[in-house]
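Just below is one structure, and these are the notes that go with it.
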Amino acid sequence: MIRDIGYLEILKTNPGTSIQDLGRIGLGHWGIPISGAQDQRSFNLVNHLLKNKPNAAVLEIFQPGFKCSFDSYATIGLAGAKAEIRKNGALNSSTLIIIKPGDEVEIGKFCLGSIVYLGIALGFQTMPVLESRSFYPRITHSSMLTKGEKIPFFTNQAHPKETYSTVKMDLNWLEEELLEVFPGPDFEALSEESKTELFHKSFTISTLANRMAFQVEELLPNQIPEQMTAAVYPGTVQLTSGGKLLILMRDAQVTGGYPRILQLAASSISLLAQKKPRQKVKFHLKTFEVGL
Amino acid sequence: MKPSLRQIGLNIIELFWAEKPTDLLLQHILSWELAINSQFGAEVIETRKGFQTLSCQMKNELNRSILDDWKLFLESEIELSQLSEKVWEIPVCYDPRIGKDLQTFANSKSLDIEKLVKLHYQARYRIHFFGFLPGFMYLNGLDPTLHFPRKNVPDQKIEAGSVAIGGAQTGIYPTESPGGWHVIGRTPISLFNPEANPPVFTKPGDRIKFISISLEEFDEQSQNSTFLTSHD
């Protein structure tokens, strides 16, 4: 099938907008971070709505004030944060939008959550580098999308019909504060006091929260010395010598030397990704159903 | 030198050795890595090495029968493979004009620059694994005289190719990055190329030898794409 290329043009964006898919899986042994959509739950949902392949590339948008236009027919999908979406100025509440050439889509106020995913039928078609389209500094040519950039997609829908069923989105999960965690390799080295504090206190997301890691404001007393460098993953919770908790996210480096005290469940990484600075989270310790 | 087993999350399992990092431990880690890939290959997303760890991310959650397989596997005798004999010669310019921390480093160590630099390029280093940045090699073999704590406040920008010392480690920044290590020189060689497959040219187990070059040679080699030499 010959597919014609259409373009989405960024008319307005704040920093942080990028292209993401499931990331560079299995390249960590070369020091390459996984990257990929920060909230995979919403990423998967948008591709599911569009009947896309699971790894189709989407736009990840962190801030209000995003506006784009399309030069060709397309079907786009939206998931993630609850936000004010406008098509050609009119408020739109559906999760799938049929686009005609010249249409403009705008993302305004975020009401709940912190990341909107804008997907498109068949996925965005930027050049993959090391098997992924996910932006990462000095791997892909840019690390953020800026005004005026044009992103290719396949337009093969000269007369798109509204064949998709409208899905009512349940966004209650975004209000959840409990992060499910498993004990990390250095968990047992924590003092009983630190363990108690870890699971009884609420922690406040600091302003140092990005695609690499989320920090929390509260400190946790730490007696564990630095460790020999070892593998870390998205969801690994490190405890620095100063008692700072670093929750590693998708762009995290692949190894680290701080004690690894917890590991977030996959669903909790997605939940945390949608939290904003000053919001509270609590850790809920899970044990492995089958142990070693 | 038997590893112990621990679980990280629902689909990551880790082999841990309590021994200090040496060639022998690396030999064990690399041999176990080969054994894991032949035993569990189809179920493995990837293995990642650390100085004392071999972490293995699996496609599926670890259940009772998989964990029992792992425990049994760890009891088996594996064949130790030999470490690579390959030595990569990496040119480094140790001129204080580009090794911006060289002078302060030498002062703190009460060494003259010449002596310090010699201690750095005379040693042979063994690549244990990649981490920290894409293409960053964790090397073992830094002379204890050159061990030096990391900076309290990391530099915002360390140039790609910078050769630096942090703690008991030395390494080369493959890409520009913030960093807390002391920069003592720079190589004109590119260590990471995302357009290439593989994006790095060295392998864990290979050795590195630094070759001291002048600033003129550095400038010249930075202009041209230099071929890296290795010998077995």
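Order-wise, the sequence lines are chains A and B.
When you number the first sequence by numbering that gives the first Met the number 0, it's gap-free, plus one each residue, and the end is 291.
When you number the second sequence by numbering that gives the first Met the number 0, it's gap-free, plus one each residue, and the end is 231.
The beta carbon of each residue, even a glycine, is placed where N, CA and C say it ideally should be.
How should residue i be labelled, buried or exposed, when 16 other C-beta atoms within 10 angstroms of its C-beta is the threshold for buried?
i, result
"ASP218 (chain B)", "exposed"
"HIS230 (chain B)", "exposed"
"CYS110 (chain A)", "exposed"
"GLU215 (chain B)", "exposed"
"ALA230 (chain A)", "buried"
"LEU284 (chain A)", "exposed"
"MET136 (chain B)", "buried"
"LEU26 (chain A)", "buried"
"VAL152 (chain B)", "exposed"
"PRO177 (chain B)", "exposed"
"SER92 (chain A)", "exposed"
"TRP172 (chain A)", "exposed"
"ARG40 (chain A)", "buried"
"ILE4 (chain A)", "exposed"
"ASP250 (chain A)", "buried"
"ALA73 (chain A)", "buried"
"HIS140 (chain A)", "exposed"
"GLU59 (chain A)", "buried"
So that I know if they touch, is there some Cβ in chain A lying closer than 8 Å to that of residue i?
i, result
"TYR137 (chain B)", "yes"
"GLN155 (chain B)", "no"
"PRO148 (chain B)", "no"
"SER54 (chain B)", "yes"
"LEU4 (chain B)", "yes"
"PRO198 (chain B)", "yes"
Quick one: list the residues of chain B neighbouring residue i, beta-carbon separation under 7 Å, in chain order.
i, result
"THR228 (chain A)", "GLY49, PHE50, GLY130, TYR137"
"LEU270 (chain A)", "By Cβ distance, chain B contributes nothing, its closest Cβ being about 15 Å from LEU270 (chain A), past 7 Å."
"GLN293 (chain A)", "Since the first residue of chain A shown is 0 and the last is 291, residue 293 (chain A) is not available in this structure."
"GLY25 (chain A)", "ILE44, GLU45"
Could you work out which residue in the options is closest to residue i when comparing CA atoms only?
i, options, result
"SER205 (chain A)", "A:ALA272, A:PRO100, A:PHE186", "A:ALA272"
"LEU24 (chain B)", "B:ILE35, B:GLU42, B:THR46, B:GLN51", "B:GLN51"
"LYS1 (chain B)", "B:PHE15, B:LEU9, B:SER213", "B:PHE15"
"TYR232 (chain A)", "A:ILE33, A:TYR72, A:ILE98, A:GLY241", "A:ILE33"
"THR254 (chain A)", "B:ILE7, B:LYS19, B:HIS27, B:LYS48", "B:LYS48"
"LEU82 (chain B)", "B:HIS27, B:THR169, B:LEU190", "B:HIS27"
"LYS279 (chain A)", "A:GLU288, A:LYS200, A:ILE260", "A:LYS200"
"TRP55 (chain B)", "B:GLU32, B:GLU76, B:PHE72", "Looking at the sequence itself, residue 55 (chain B) is Cys, so the reference to Trp does not match. Selected option, being the one with the closest Cα: B:GLU32."
"ASN51 (chain A)", "A:LEU121, A:ILE96, A:LEU144", "A:LEU121"
"THR286 (chain A)", "A:LEU10, A:LYS146, A:VAL180", "A:VAL180"
"THR292 (chain A)", "A:MET248, A:GLU225, A:LEU247", "This structure cannot settle anything about residue 292 (chain A), because the visible part of chain A is limited to 0 through 291."
"GLN121 (chain B)", "B:VAL91, B:HIS127, B:GLY98, B:GLN102", "B:VAL91"
"LEU10 (chain A)", "A:LEU58, A:MET211, A:GLU105, A:LYS99", "A:GLU105"
"THR12 (chain A)", "A:ASN221, A:LYS275, A:LYS146", "A:LYS146"
"LEU77 (chain A)", "A:GLY88, A:PRO53, A:TYR116", "A:TYR116"
"ILE112 (chain B)", "B:LYS99, B:THR169, B:ILE157", "B:LYS99"
"THR201 (chain B)", "B:PRO133, B:THR144, B:ILE157, B:ILE183", "B:PRO133"
"ARG194 (chain A)", "A:PHE282, A:PRO127, A:MET143", "Before going on, a small fix: residue 194 (chain A) reads as Lys here, not Arg. Comparing Cα-Cα distances from LYS194 (chain A) to each of A:PHE282, A:PRO127, A:MET143, the minimum goes to A:PHE282."
Using a cut-off of 7 Å between C-beta atoms, extract the partners of residue i located in chain A.
i, result
"LEU66 (chain B)", "VAL289, LEU291"
"GLU262 (chain B)", "Nothing can be reported for residue 262 (chain B): it is not among the residues displayed for chain B, which extend from 0 to 231."
For residue i and chain B, any beta-carbon pair shorter than 8 Å?
i, result
"VAL236 (chain A)", "no"
"LEU129 (chain A)", "yes"
"TYR257 (chain A)", "no"
"THR254 (chain A)", "yes"
"TYR232 (chain A)", "yes"
Give me the chain A residues within the contact set of residue i, using Cβ-Cβ distance strictly less than 8 Å, ordered along the chain.
i, result
"THR201 (chain B)", "Result: empty, since nearest Cβ-Cβ is about 10 Å, beyond 8 Å."
Which bits of chain A does residue i rub up against, with CB to CB less than 9 Å?
i, result
"ARG63 (chain B)", "GLU288, VAL289"
"THR186 (chain B)", "Near THR186 (chain B) there are no residues of chain A at all, since even the closest Cβ is about 17 Å away, more than 9 Å."
"THR21 (chain B)", "Simply none; closest approach about 12 Å."
"THR174 (chain B)", "PRO136, ARG137, ILE138"
Please compile the residues from chain B whose C-beta is within a distance smaller than 9 Å of the C-beta of residue i.
i, result
"GLN278 (chain A)", "Residues of chain B passing the Cβ test: none, with the nearest at roughly 24 Å."
How would you list, in chain order, the residues of chain B whose beta-carbon sits under 8 Å from the beta-carbon of residue i?
i, result
"ILE138 (chain A)", "PRO133, PRO193"
| said: Against chain B, which members of the stretch 178-194 of chain A pass a CB distance test of less than 7 Å? | reply: So the close ones are PHE181, GLY183, PRO184.
| request: Taking a Cβ distance cut-off of 8 Å, strictly less, list which residues of the stretch 6-40 of chain A are near chain B, in chain order. | output: ILE24, GLY25, LEU26, GLY27, HIS28, TRP29, GLY30, ILE31, PRO32
| message | What are the residues in the stretch 88-114 of chain A lying within 7 Å of chain B by C-beta distance? | response | none
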